[in-house]
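In what follows, a single structure is set out as structure tokens and then discussed.
There are 2 protein chains.
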Amino acid sequence: MTKLQDAFWKRIDDVQAGLLMADGERPVPMAPQAYKDENAIFFIAAAGSAADRAAKSGGEATFHVADPKANLYANVWGKLDESGDSKKLDDMWSAMAAAWFPEGRDDNTIRLVKFTPHDAEVWATESGAGYLYEIAKSNVTKDTPDTGEHGRVTF
Amino acid sequence: MTKLQDAFWKRIDDVQAGLLMADGERPVPMAPQAYKDENAIFFIAAAGSAADRAAKSGGEATFHVADPKANLYANVWGKLDESGDSKKLDDMWSAMAAAWFPEGRDDNTIRLVKFTPHDAEVWATESGAGYLYEIAKSNVTKDTPDTGEHGRVTF
Chain A
1 MTKLQDAFWK
11 RIDDVQAGLL
21 MADGERPVPM
31 APQAYKDENA
41 IFFIAAAGSA
51 ADRAAKSGGE
61 ATFHVADPKA
71 NLYANVWGKL
81 DESGDSKKLD
91 DMWSAMAAAW
101 FPEGRDDNTI
111 RLVKFTPHDA
121 EVWATESGAG
131 YLYEIAKSNV
141 TKDTPDTGEH
151 GRVTF
Chain B
1001 MTKLQDAFWK
1011 RIDDVQAGLL
1021 MADGERPVPM
1031 APQAYKDENA
1041 IFFIAAAGSA
1051 ADRAAKSGGE
1061 ATFHVADPKA
1071 NLYANVWGKL
1081 DESGDSKKLD
1091 DMWSAMAAAW
1101 FPEGRDDNTI
1111 RLVKFTPHDA
1121 EVWATESGAG
1131 YLYEIAKSNV
1141 TKDTPDTGEH
1151 GRVTF
């Protein structure tokens, strides 16, 4: 695992929500729950949402992160699948607060979807003004080498 | 101006960086500086970057915001143009810190670009767990009415 990939998994834990683009729709806010050991990010989705529809057909999706608190900016490309892992849903339920769905954990509009990233562009910046210069510079070249702060990650 | 549009302009001021997609490239982190009275968001871009190239041809761009600190999630669609407003660049220079470009304010690789939004989808959430439920619900329907927290904004 590269230093940048490692930074990605560490910082994604602090991301409250990013924008998930699925099923040909515009990106919408979704809260990620990362499971590094499974190389996967799980989302709790509502039945009928774009994420749910894409997961049913194993569709491609993109997760965008732009979180100054977590110091993480990323475009993550991957595949969505339905998940029937109710133990994981239990874990996420307690981690994410019961306010999510009003009917509680057994709400039948809840869907657990699994996002398996295969590729990402990651900016794992330090906070403060200096990062702006790094970012401005890095925007000029498409394929910046992995310096530990910005680059491509293959999962 | 709707309540949601007002919330957008208030909160965008607290956004350190979002992801700007321009010139057919993947989104890259860019720091916005909003000028509500001009209905515009300015970016300092590096010469040769996608934002700079798009601005030269008056191209369309999308600015994605997913910022838990500012409590703002948004997809903003608009048009990029070159700006020769050196007074504005001076203002932004001091606001954004001189660390941006190493050569200082007169660095000839600096480009000021003006983003004029025409349309947006905005989630102006409250912080805390409750917002997750609102977001999950709102992901199901495409055209949610403007409730003051989530909806379409026309500029």
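Chains as they are written, first to last, in the numbering used here: chain A, 1 to 155; chain B, 1001 to 1155. Glycine included, each C-beta is placed from N, C-alpha and C at the ideal position. On a predicted model such as this, the values are computed, not experimentally measured, just so you know.
What number of angstroms, rounded off, separates the C-alpha of residue i from the C-alpha of residue j?
i, j, result
"G18/A", "A74/A", "9 Å"
"D6/A", "L72/A", "12 Å"
"K1079/B", "E82/A", "37 Å"
"T116/A", "A34/A", "10 Å"
"I1110/B", "P29/A", "32 Å"
"A1046/B", "D1090/B", "16 Å"
"F1008/B", "D85/A", "38 Å"
"R152/A", "H118/A", "11 Å"
"I1012/B", "F1155/B", "14 Å"
"G1058/B", "S57/A", "38 Å"
"K88/A", "A1055/B", "46 Å"
"E1149/B", "G48/A", "21 Å"
"K1114/B", "W123/A", "24 Å"
"P172/A", "E38/A", "Examination of residue 172/A is not possible in this model, given that chain A is present from 1 through 155 alone."
"A40/A", "E1060/B", "33 Å"
"M1001/B", "M1/A", "49 Å"
Got a sec? Which residues, its chain only, sit under 6 Å from residue i by beta carbon, not counting five neighbours each side?
i, result
"A50/A", "A22, D23 and E25"
"F63/A", "G18, L20 and V76"
What three-state label does DSSP hand residue i in the structure shown?
i, result
"K999/B", "Residue numbering for chain B in the displayed model covers 1001 to 1155; residue 999/B lies beyond these limits and cannot be assessed."
"A1031/B", "coil"
"F1063/B", "strand"
"F1043/B", "strand"
"M1001/B", "coil"
"R1111/B", "strand"
"R1152/B", "strand"
"D119/A", "strand"
"A1074/B", "strand"
"D1081/B", "strand"
"A1124/B", "coil"
"A22/A", "strand"
"Q86/A", "The question names Gln, yet the displayed sequence has Ser at residue 86/A. In this structure, S86/A counts as helix in the three-state DSSP scheme."
"D106/A", "coil"
Give me, in chain order, the residues of the same chain whose beta-carbon lies closer than 8 Å to that of residue i; leave out the 5 immediate sequence neighbours on both sides.
i, result
"M1092/B", "Q1033, F1042, I1044 and L1112"
If we count the other Cβ atoms within 10 Å of its Cβ and call it buried at 16 or more, is residue i buried or exposed?
i, result
"K1003/B", "exposed"
"D1067/B", "buried"
"T1125/B", "buried"
Counting only the same chain and skipping the five closest in sequence on each side, list residues whose C-beta sits under 7 Å from that of residue i.
i, result
"L1053/B", "It should be pointed out that residue 1053/B corresponds to Arg in this sequence rather than to Leu. Closer than 7 Å at the Cβ level, and outside the excluded window around R1053/B, lie D1023."
"K1036/B", "W1009"
"V15/A", "P32, V65, D67, A70 and L72"
"E1121/B", "A1074, N1075 and R1152"
"A97/A", "Its pLDDT being 48, under 50, A97/A is placed unreliably in this model, and the value from its coordinates should be taken loosely. Nothing meets the Cβ criterion."
Quick one: does the C-beta of residue i sit closer than 6 Å to a heavy atom of the ligand ATP?
i, result
"H1118/B", "This structure lacks the ligand ATP; in fact it carries no ligand of any kind."
Mind checking the segment 52-82 of chain A against chain B and listing, in chain order, the residues whose C-beta falls within less than 7 Å of any C-beta there? H64, V65, A66, D67, P68, K69, Y73 and N75
(message) By the 7 Å beta-carbon criterion, what residues does the segment 17-33 of chain A contribute toward chain B?
(response) A17, G18, L19, R26, P27, V28, P29 and A31
Can you list, in chain order, the residues of the segment 107-121 of chain A whose Cβ is nearer than 8 Å to any Cβ on chain B? E121
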